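This note's numbering applies: residue 128 is where the sequence shown begins, and numbers increase by one. Where is the CB? At the ideal position from N, CA and C, for every residue including glycine. The structure displayed is predicted, hence computed values, not measured ones. Data block below; observations after.
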Amino acid sequence: FSQSLFSIIPYGSASHDFVGDRGEFRSGVDVQWKPNGRLQLAAALNPDFGQVESDDLVVNFDAIESFFSDKRPFFTENQSLFERATPQGGQLIYTRRVGGSSDDGSGRAADIDVAVKVSGSVRGFDYGAFVAEEADAAGRRFIALRNVYPGERLTFGQFILDSDRPALDRHARVYAVDGRWRQNEDWALEGALLRSDTEQASVGRQDGGGWLTAEYSPSEAFSAETTLTHLGGDLELNDLGFLTRNSLLQWYAGMTRRYTDFSEHDARAAVAWNLNGSVRYNDSGDRLPGFLYLSRTTEWRAGGTSYTELGYDSAGQDDLISRGNGAVRLDSRSSLWHYYQSPQLGRFKYQIGAWTFQEGVDGRAWQLETNLRLQWTPALASEIEWYPRVSNDWLIWREADQLASFDRRQDYLSLNLDWLPADRHELRLKAQWIVIDADDARPWQIGDGGRLQRADRVDEEFSLRNFGMQLRYRFEIAPQRELYLVYARGGFAIDEHQRNTLELIRDASELRDSDQFLVKLRWAL
128 FSQSLFSIIP YGSASHDFVG DRGEFRSGVD VQWKPNGRLQ LAAALNPDFG
178 QVESDDLVVN FDAIESFFSD KRPFFTENQS LFERATPQGG QLIYTRRVGG
228 SSDDGSGRAA DIDVAVKVSG SVRGFDYGAF VAEEADAAGR RFIALRNVYP
278 GERLTFGQFI LDSDRPALDR HARVYAVDGR WRQNEDWALE GALLRSDTEQ
328 ASVGRQDGGG WLTAEYSPSE AFSAETTLTH LGGDLELNDL GFLTRNSLLQ
378 WYAGMTRRYT DFSEHDARAA VAWNLNGSVR YNDSGDRLPG FLYLSRTTEW
428 RAGGTSYTEL GYDSAGQDDL ISRGNGAVRL DSRSSLWHYY QSPQLGRFKY
478 QIGAWTFQEG VDGRAWQLET NLRLQWTPAL ASEIEWYPRV SNDWLIWREA
528 DQLASFDRRQ DYLSLNLDWL PADRHELRLK AQWIVIDADD ARPWQIGDGG
578 RLQRADRVDE EFSLRNFGMQ LRYRFEIAPQ RELYLVYARG GFAIDEHQRN
628 TLELIRDASE LRDSDQFLVK LRWAL
């Protein structure tokens with residue numbers, strides 16, 4: 128059965144910025160065309176991808192950027208052809224790059240002129256192309272080409288990714304060949320080969336990498352896999368992709384054993400044990416911290432789930448923490464995490480857990496994790512999360528080869544409210560706070576062999592406040608005809624004044640770096 132589809136969905140939005148006391152009107156159109164089951168095209172002209180869905184707050188002092196999932200329908204619908212995960216949670220195509228922070232250094236999100244995505248199949252091959260062009264002189268251009276042969280036992284394909292960034296005088300291209308071969312129901316091999324060619328300010332760099340994974344699943348009760356990965360030191364994927372690090376040689380192995388043969392009188396319905404670990408080096412031959420984790424998941428017959436994880440990180444060189452100013456030798460570390468998630472208990476459902484881990488030179492951190500969801504009525508639900516964390520050895524980079532350890536109290540607080548007051552009406556409130564109080568600074572400097580040694584300087588204590596709130600109303604007038612009313616406010620501040628947790632949360636709630644109201648109407652023709 129095949130049915131054609133053609134839709135044109137224009138939109139208009141008006142917003143007012145209360146901080147800058149200025150308004151803005153935007154308009155654009157989304158086009159979808161599917162002449163048959165073998166071809167479909169989606170295009171967005173002057174799209175307004177943001178504002179109606181807010182991201183979770185993150186405060187990141189690490190050398191690795193935070194990963195955010197995409198919530199924009201253009202980049203989530205019919206996207207599976209372009210999805211290719213890389214080891215360590217990476218992606219060959221990270222769609223948040225499109226319309227992300229502009230290369231002009233302003234910190235604002237880049238506007239997009241046009242985005243087009245086409246996919247289809249011919250002669251047994253699936254193919255796809257994706258093109259996005261950002262606005263103004265600093266606007267980037269992204270191109271992704273993909274083809275796949277989805278065989279019954281053998282699947283293989285290739286990527287060509289191209290990024291042009293005129294504000295940085297940079298051009299990058301990535302080539303990838305990937306495949307999967309299933310020998311039988313028990314065994315499978317999967318892997319990829321990569322190459323990147325980049326040129327910036329007339330300086331070119333090339334490098335490659337790849338990985339190979341073997342999977343063994345003789346039954347639903349047992350599975351195992353092992354992966355060998357090498358990523359060259361000059362391999363660069365982050366113009367359009369997401370790669371946590373390059374310069375990596377890693378061996379990973381993991382296995383899972385699941386038990387379900389419990390008697391009907393046993394409180395347990397299923398138990399799964401998982402063991403996984405890795406050994407890691409960089410291209411210079413330095414041994415990086417590896418890990419070994421043992422976890423147990425218990426599903427209870429009365430409902431609910433328990434999870435316990437014991438972790439061990441081996442000693443090694445952290446070659447990222449100083450942002451290129453030398454590796455830091457870290458001793459071995461341990462961690463323990465446990466939580467319980469309840470079944471639905473009338474109106475209530477909760478999760479409670481605790482986590483202890485090492486994040487500094489030789490100290491330890493403790494975190495309590497609480498979540499409570501209340502279903503007041505079938506149409507009204509609320510959820511609150513509170514994660515307090517205390518640490519006596521929070522190690523962060525300051526500048527050059529200088530680091531510092533702090534006593535830290537961090538609190539994450541989240542409040543969500545979802546209400547369906549009537550058919551086709553939806554009201555949602557989302558508010559989040561992250562506050563940190565860091566004191567008792569101990570300065571460190573990278574010494575011989577990467578060992579940290581106490582430094583003769585003074586590092587200032589500080590407090591941090593981060594707040595974000597969004598109140599969103601959505602009215603579905605008809606299918607693909609929607610009205611949004613969105614109010615959003617938030618801000619970020621860091622200073623040297625010490626405060627307790629309640630004062631930090633109160634002060635964070637008063638931040639107004641961003642304060643705006645948006646009206647958006649989508650109307651399918």
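Which of helix, strand or coil does DSSP assign to E192? Here E192 sits in coil by DSSP.
One or two residues paired with F589 in a DSSP bridge: The partner list for F589 (beta bridge, DSSP) reads A565.
Just to confirm, is the Cβ distance from V613 to F594 under 9 Å? Contact flag unset, no.
Identify every run of the beta strand (DSSP E) within the segment 271-331, keeping only runs that are complete inside it and at least 3 residues long; order them along the chain. Scanning the segment 271-331 from its first residue to its last, the whole beta strand (DSSP E) runs of 3-plus residues come out as 281-292, 297-309 and 314-327.
Helix, strand or coil for E630, going by three-state DSSP, please let me know. Here E630 sits in helix by DSSP.
Where does R601 sit, in a helix, a strand or coil, going by DSSP? Residue state, collapsed to three classes: strand.
To the nearest angstrom, how far is it from the Cα of S290 to the Cα of A242? Whole-angstrom Cα-Cα distance: 14 Å.
Taking one C-beta from the segment 494-506 and one from the segment 468-482 each time, how about it: are there three or more such pairs within less than 8 Å? Under the 8 Å Cβ criterion, the segment 494-506 counts as touching the segment 468-482, having at least three qualifying pairs.
Same chain, Cβ closer than 6 Å to H298, neighbours up to 5 away in sequence not counted: These residues qualify, in order along the chain: D291 and E326.
Reduced DSSP category for R608 - H, G, I as helix; E, B as strand; rest coil: Strand, per DSSP.
Quick check on F356: buried or exposed, where buried means 16 or more other Cβ atoms within 10 Å of its Cβ? Before going further, note that residue 356 is Thr rather than Phe in the sequence given. That one is buried.
Nearest neighbour of Q559, chosen from R235, S541, I573 and G217 [CA to CA]: It is S541 whose Cα lies nearest to the Cα of Q559.
Take G417 and list the residues in its own chain whose beta-carbon comes closer than 6 Å to its own, dropping the five residues that flank it on each side. So the list reads S405, V406, R407 and S441, once near-sequence residues are dropped.
Determine the contact status of L320 and D296, defining contact as a CB-CB distance below 9 Å. Their beta carbons are not under 9 Å apart, which means L320 does not touch D296 by this criterion.
Backbone CA spacing between N401 and I287 [nearest angstrom]: Taking the straight line joining both Cα atoms gives about 36 Å.
Would Q485 pass as a contact of D534 if the rule is Cβ separation under 9 Å? No, the pair does not count as a contact, with Cβ atoms beyond the cut-off.
Could you compute how far the alpha carbon of Q580 sits from the alpha carbon of I563? Cα to Cα, the separation comes out at about 26 Å.
Alpha-carbon to alpha-carbon, K557 and D642: If I take the Cα positions, the gap works out to 15 Å.
9 Å Cβ cutoff met for P505 and D538: For P505 and D538, no; Cβs fall outside 9 Å.
Which ranges would you report for the beta strand (DSSP E) in the segment 129-204 if only whole runs of at least 3 residues count? Qualifying beta strand (DSSP E) stretches, in chain order: 132-144, 149-163 and 166-172.
Measuring straight from C-alpha to C-alpha, what distance separates F283 and A341? Cα-Cα distance, rounded: 16 Å.
Nearest residue (CA-CA) to G487, options E317, Q607, E510 and V455: Of the candidates E317, Q607, E510 and V455, V455 places its Cα closest to the Cα of G487.
Have a look at A394 and E512 and give me their C-alpha separation to the nearest angstrom. If you take the alpha carbons of A394 and E512, they lie about 28 Å apart.
Using CA atoms only, rank isn't needed, just tell me which of D528, L358, L463 and Y467 is closest to R491. Answer by Cα proximity: L463.
Pull the bridge partners of S433 from the DSSP assignment, please. Residue pairing for S433: DSSP places it in a beta bridge opposite T425 and Y467.
C-alpha gap between H465 and R384, whole angstroms: When only Cα atoms are considered, H465 and R384 end up about 19 Å apart.
Under 8 Å by Cβ, that's how I've got D586 and A568 pegged, so tell me the actual separation to the nearest angstrom. Sure, about 4 Å apart at Cβ, within 8 Å.
Residues in the same chain with beta-carbon distance under 7 Å from R608, minus the five sequence neighbours each way, listed in chain order, please. Here the set comprises R649, W650 and A651.
Assign G337 to one of two classes, buried (16 or more other C-beta atoms within 10 Å of its C-beta) or exposed (fewer than that). Label assigned to G337: buried.
Taking buried to mean at least 16 other C-beta atoms within 10 Å of its own C-beta, is V275 buried or exposed? Buried, since its Cβ has 16 or more Cβ neighbours within 10 Å.
For A543, which residues in the same chain have their Cβ closer than 6 Å to its Cβ, ignoring the five residues on either side in sequence? For clarity, residue 543 is Asn in the given sequence; the question names Ala instead. Take N543, set aside five residues on each side of it, and the residues of its chain with a beta-carbon closer than 6 Å to its own are E510 and K557, in chain order.
For I604 and Y386, what's the separation of their Cα atoms in angstroms? Taking the straight line joining both Cα atoms gives about 49 Å.
DSSP three-state assignment for L339, whether helix, strand or coil: Here L339 sits in strand by DSSP.
Nonlocal neighbours in the same chain, by C-beta distance under 8 Å from P606, ignoring five residues either side: Cβ neighbours of P606 beyond the five flanking positions: A651.
Is G453 closer than 9 Å to Y467 when the C-beta atoms are compared? No.
Assuming R250 is part of the beta strand (DSSP E), what are its boundary residues? Neither: R250 is in no beta strand (DSSP E) and is coded neither H nor E.
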